[in-house]
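S.K.:
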Amino acid sequence: MFDLTNEIYQDANKAREHLEVIHWPHGPNCPHCGNADPKRITKLKGKSTRPGVFKCNECRKPFSVTVGTVFERSKIPLNKWVLATHLMAASKKGMSAHQLHRMLGVTYKTAWFMAHRIREAMQETGNDAGPMGGEGKTIEADEMYHGKRETPRQYARGRKPNPVKSGKAGGAQKRVIVGLVERGGKARMFHVNNATKASVRDALVRNVSRDTTLYTDESRLYTDTGKEYADHRTVKHSAKEYARREGETVVHTNTIENVFSVFKRGMVGVYQHCGEAHLHRYLAEFDFRYNRRAALKVSDAERAEDCLRMARGKRLTYRRIDEAAHA
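Residue 0 is where the sequence shown starts when you use numbering that gives the first Met the number 0, and the numbers rise one by one after that.
(1) What is the DSSP secondary structure of residue 306, counted as helix, strand or coil?
(2) Quick check: the Cα distance between residue 146 and residue 174, rounded to an integer number of angstroms?
(3) Taking 8 Å as the CB-CB limit, is residue 289 close to chain B?
(4) Could you work out which residue in 47, 31, 11 and 90 is closest to residue 293 when comparing CA atoms only?
(5) With 16 as the cutoff for other CB atoms within 10 Å, does residue 205 come out buried or exposed?
(6) Among the candidates 35, 132 and 301, whose CA atom is the shortest distance from the CA of residue 210?
(7) Based on Cα-Cα distance, which residue from 185, 102, 298 and 271 lies nearest to residue 137?
(8) Around the Cβ of residue 30, are there at least 16 other Cβ atoms within 10 angstroms (buried) or fewer (exposed)?
(9) Using a Cβ-Cβ cut-off of 6 Å (strictly less than) and excluding sequence neighbours within five positions of residue 203, which residues of its own chain qualify?
(10) Expressed to the nearest angstrom, what Euclidean distance is found between the alpha-carbon atoms of residue 326 and residue 277?
(11) If you run the structure through DSSP and keep just helix, strand and coil, what is residue 326?
(12) Rounded to whole angstroms, what is the Cα-Cα separation between residue 177 and residue 194?
(13) DSSP puts residue 231 in a beta bridge; with which residues?
(14) Do you know how far the Cα of residue 44 is from the Cα of residue 191?
(15) Can you give me the start and stop residues for the beta strand (DSSP E) that residue 69 sits inside?
(16) Measure the CB-CB distance between residue 22 and residue 311 and report whether it falls below 8 Å.
(17) Which whole runs of the alpha helix (DSSP H) in the stretch 104-133 are 4 residues long or more, in chain order?
(18) To which residues does DSSP link residue 296 through a beta bridge?
(19) Which residue comes first and which comes last in the alpha helix (DSSP H) that contains residue 3?
(20) Return the chain-ordered list of same chain residues with a C-beta closer than 8 Å to the C-beta of residue 268, the five sequence neighbours on each side being excluded.
(21) Please report how far the alpha carbon of residue 77 lies from the alpha carbon of residue 263, in whole angstroms.
(22) Which residue marks the beginning of the alpha helix (DSSP H) containing residue 36, and which one marks its end?
(23) Could you have a look at residue 327 and say whether DSSP puts it in helix, strand or coil?
(24) Of the choices 49, 51, 65 and 41, whose alpha-carbon is the least far from that of residue 58?
(25) Give me the DSSP bridge partner(s) of residue 179.
Set out below in structure tokens:
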């Protein structure tokens, strides 16, 4: 149960202590040299020293729990960071920067940058980003077209896209998102520049074990790559086939369609607009919440703690805010 009166949301020192419990369950360790010997770490208690500062007697450098995290060198009180993290982790379809700006009492520009730093923390790395699927497991794959491209697709020999209804170019001028989801497990979404056999194969082979059974629609993007996996089965959406029973299994791609639907509702109803350079962070945000959804018995508080824990080893500054493969 979310309790807004909890001290960690009201007092910066209590929020800092909350972070120390999450990041240092066995006592402080130096982010500069990795020293974790409590006899070689001193807590500074001078009158001019801010609370929560330690000094490493190995490398002689001071540090606090925020050093080496997305919260480093921020002048925003830590209790507001902890509250913003909980709000974004608990909101199924996201929390806009304008909403954070009103609730936290910070400027819109500050709230926008806070949200991006929290999304950076939500990106899964290390063991969390290991291969999906495996022997006896099923992965559903599909692609989605959402939002107008800011860098129009280039066609060979000056060819122009064929106009469709209302003179629009259809999916050809939309952003391409490839999605993967393991049944009963995690999901991953990727922004790719163009939906080609090569780009789709790259997303699959980098993230899905070859021992996996692959379920897709009838798109030719998956025909050749599907042969590289243990099994590849398709449903024919053009013939209005959305699920097919084969013995004890049901072949469909409804799970990944559900993942896409939550993302679309969030982008249309909450965020309304997202620059193409930032799309990968929004995808990471929706992946994070889906992978820790209530159906997996993960509470809002546990999800927020996971986000705070994953903030370590990541930094995001204004100088890097527009870095993206398809900016």
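Positions of the beta carbon are idealized from the N, C-alpha and C atoms, including for glycine. Since we're looking at a predicted model, the values are computed, not measured.
M.R.: Walking through what the data contain:
(1) In the structure shown, residue 306 falls within a helical segment according to DSSP collapsed to helix, strand and coil.
(2) 6 Å
(3) Going by chain labels, chain B is absent from the structure shown, which holds only one protein chain.
(4) 90
(5) exposed
(6) Distance from the Cα of residue 210 is smallest, within the candidate group 35, 132 and 301, for 132.
(7) Comparing Cα positions, the closest option is 185.
(8) buried
(9) 224
(10) The predicted position of residue 326 is uncertain, since its pLDDT is 47 and thus under 50; a value taken from the coordinates is nonetheless stated next. Between residue 326 and residue 277, the C-alpha separation is close to 8 Å.
(11) Low confidence applies to residue 326: its pLDDT is 47, below 50, so where it sits in the model is not reliable enough to give any reading.
(12) 8 Å
(13) 213
(14) 51 Å
(15) Element bounds for residue 69: n/a, residue is neither H nor E.
(16) yes
(17) Fully enclosed alpha helix (DSSP H) runs of 4 or longer: 107-121.
(18) In the DSSP assignment, residue 296 is bridged to no other residue.
(19) Segment: none, residue 3 is in no alpha helix (DSSP H) and carries neither H nor E.
(20) 92
(21) 31 Å
(22) It is not in any alpha helix (DSSP H) - residue 36 carries neither H nor E in the DSSP assignment.
(23) In the structure as shown, the chain starts at 0 and stops at 326, and residue 327 therefore has no counterpart that could be examined.
(24) That would be 41, whose Cα lies nearest to the Cα of residue 58.
(25) Answer by DSSP bridge pairing, in chain order: 140 and 187.
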